[in-house]
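Q: The structure under discussion is supplied below as structure tokens; questions concerning it will follow.
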Amino acid sequence: MPVVEYGAPMTQRDPRDRYDDLVERVERHKVDGERFDELRQAEVFQSGWGVAGVVLDEEVGSTWGSRTRSDDGERLLAIRNRAYPTEWTLPGGAVENGESLADAVVREVREETGVAVDPVRPVGVDESVVVEEPGPGGSDGGRRVEMAFVHFLCRATDPAVADGGDLGDADEAITEAAWLESLPEDVFNPAHTREVYESARELLGEGDF
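Residue numbering for the sequence shown is 1 to 209, as defined by UniProt numbering.
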């Protein structure tokens with residue numbers, strides 16, 4: 001992965017150097033200078049790395065933690081927040097300074113849902129590269145920032161979901177966390193999320209880690 005020109009250096013070891021079976025997506029965006037300045041201040045671009053948990057469990061629960069045994073496979077942990085109120089997303093966020101990718105996904109899932117997890121292995125990487133376009137005011141453009149979001153297969157070790165008032169940090173505005181029977185249609189970034197979800201289920205079933 002190239003070195004970013006803005007934001008924190010990407011000092012993590014890229015999981016693509018170790019695993020050759022990751023679901024990978026690379027998106028490149030051109031934005032104006034104002035939007036570029038907004039994006040490069042985002043926590044995940046400052047870090048250079050983000051994580052998301054594909055958290056699977058054989059027991060399913062309704063929102064806020066009531067659980068029953070499933071007879072037909074794993075269930076998926078997901079959240080809703082005010083940023084994407086009509087879509088489910090996977091719990092996750094930016095990697096903090098000095099934190100490993102695995103430690104980050106454990107922390108993020110616990111903060112956002114209350115669920116304790118064991119990170120099994122990465123299953124996907126979603127890389128975003130943002131380049132500033134030349135501006136009408138004479139800006140040369142060309143500034144560049146990038147980040148990679150790593151999806152981890154995780155097993156739930158304490159699957160009780162936290163009460164609504166205890167979900168996430170105050171600035172995250174998480175409104176709901178729940179065990180879902182399958183990946184829903186109304187999920188954020190549906191194509192890539194479905195690929196990493198199916199890969200995680202396959203790996204968990206095979207014990208291939």
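Backbone N, C-alpha and C fix where the C-beta goes; we use that ideal spot for every residue, glycine too. Owing to the predicted nature of the structure, the values given are computational and were not obtained by experimental measurement.
Among residues of its own chain, excluding the 5 on either side of A88, which ones have a beta-carbon nearer than 8 Å to its beta-carbon?
A: Taking the first residue of the sequence shown as position 1, residue 88 is located at position 88. One point to set straight first is that residue 88 is Trp, not Ala, in the sequence displayed. Around W88: A78, I79, R80, L180, P184, D186, V187, F188.
Q: Let me make sure I understand the geometry here. Which of V196, L153, E206, V51 has the alpha-carbon closest to that of E24?
A: The sequence position of residue 24 within the sequence shown is 24, counting from 1. Out of V196, L153, E206, V51, the CA that lies nearest to the CA of E24 is found in V196.
Q: Please classify G53 as buried or exposed, where buried requires at least 16 other C-beta atoms within 10 Å of its C-beta.
A: Counting from 1 along the sequence shown, the entry for residue 53 is found at position 53. Buried is the call here.
Q: According to DSSP, simplified to helix, strand and coil, what is S70?
A: What you label residue 70 is simply residue 70 of the sequence shown in a count that begins at 1. Here S70 scores only 42 on pLDDT, less than 50, and its place in the model is too uncertain to base an answer on.
Q: What does the alpha-carbon distance come out to for the pair T193 and G124?
A: In the sequence shown, the residue the question calls residue 193 occupies position 193. In the sequence shown, the residue the question calls residue 124 occupies position 124. Roughly 9 Å separates the two Cα atoms.
Q: Any contact of the region 106-114 with the region 199-207, i.e. 3+ C-beta pairs under 8 Å?
A: no
Q: Which residues mark the beginning and the end of the alpha helix (DSSP H) in which V44 is found?
A: By one-based count along the sequence shown, residue 44 stands at place 44. Start and end: 43-47.
Q: Quick one: measure Cβ to Cβ for F149 and D126, integer angstroms, because I've assumed they're closer than 8 Å.
A: Position 149 of the sequence shown holds residue 149. Position 126 of the sequence shown holds residue 126. Cβ atoms of F149 and D126 come within 8 Å of each other, at about 4 Å.
Q: Hey, could you find the ends of the beta strand (DSSP E) S199 is sitting in?
A: As a first step, residue 199 must be located in the sequence shown, where it is residue number 199. Boundaries around S199 are those of the alpha helix (DSSP H), 190-206, since no beta strand (DSSP E) includes it.
Q: Would the beta-carbon of G93 fall within 8 Å of that of G50?
A: Taking the sequence shown and counting its residues from 1, the one referred to as residue 93 is at position 93. Taking the sequence shown and counting its residues from 1, the one referred to as residue 50 is at position 50. Contact: yes.
Q: Of the choices V130, R13, L167, whose alpha-carbon is the least far from that of R35?
A: Here residue 35 refers to the residue found at position 35 when the sequence shown is read from its first residue. If we check each option's Cα against that of R35, V130 comes out closest.
Q: At the level of alpha carbons, what is the spacing between V26 and V161?
A: Stepping through the sequence shown from its first residue, residue 26 is reached at position 26. Stepping through the sequence shown from its first residue, residue 161 is reached at position 161. Straight-line Cα distance between these residues: approximately 32 Å.
Q: Can you grab the Cα-Cα spacing for the pair V3 / A116, in whole Å?
A: As a working mapping, residue 3 is identified with position 3 in the sequence shown. As a working mapping, residue 116 is identified with position 116 in the sequence shown. A caution first: V3 carries a pLDDT of 35, below 50, which makes its placement in the model unreliable, though a value can still be read off. When rounded, the distance between both Cα atoms is 33 Å.
Q: Return the bridge partner residues of F152 from the DSSP annotation.
A: As a first step, residue 152 must be located in the sequence shown, where it is residue number 152. Per DSSP, G53, P122.
Q: Would you mind working out which of E99, I174, E146, T157 sits nearest E111, comparing C-alpha positions?
A: What you label residue 111 is simply residue 111 of the sequence shown in a count that begins at 1. The candidate whose alpha carbon is nearest that of E111 is I174.
Q: Taking a contact to mean a Cβ-Cβ separation below 8 Å, would you say Q12 touches V95 in this structure?
A: Within the sequence shown, numbered from 1, the residue matching residue 12 stands at position 12. Within the sequence shown, numbered from 1, the residue matching residue 95 stands at position 95. Cβ atoms of Q12 and V95: closer than 8 Å.
Q: In the structure shown, what three-state DSSP assignment does L183 receive?
A: Walking along the sequence shown from the start, residue 183 turns up at place 183. The DSSP-derived three-state label of L183 is coil.
Q: Out of curiosity, what's the CA-to-CA distance linking G141 and D32?
A: The sequence position of residue 141 within the sequence shown is 141, counting from 1. The sequence position of residue 32 within the sequence shown is 32, counting from 1. Near 8 Å, if we compare the C-alpha coordinates of D32 and G141.
Q: By the three-class DSSP mapping on this structure, what secondary structure does P85 have?
A: By one-based count along the sequence shown, residue 85 stands at place 85. If DSSP states are grouped into helix, strand and coil, P85 belongs with the strands.
Q: Taking 8 Å as the threshold (C-beta atoms), are L56 and A200 in contact?
A: Indexing the sequence shown from 1 puts residue 200 at position 200. Indexing the sequence shown from 1 puts residue 56 at position 56. Cβ atoms of A200 and L56: closer than 8 Å.
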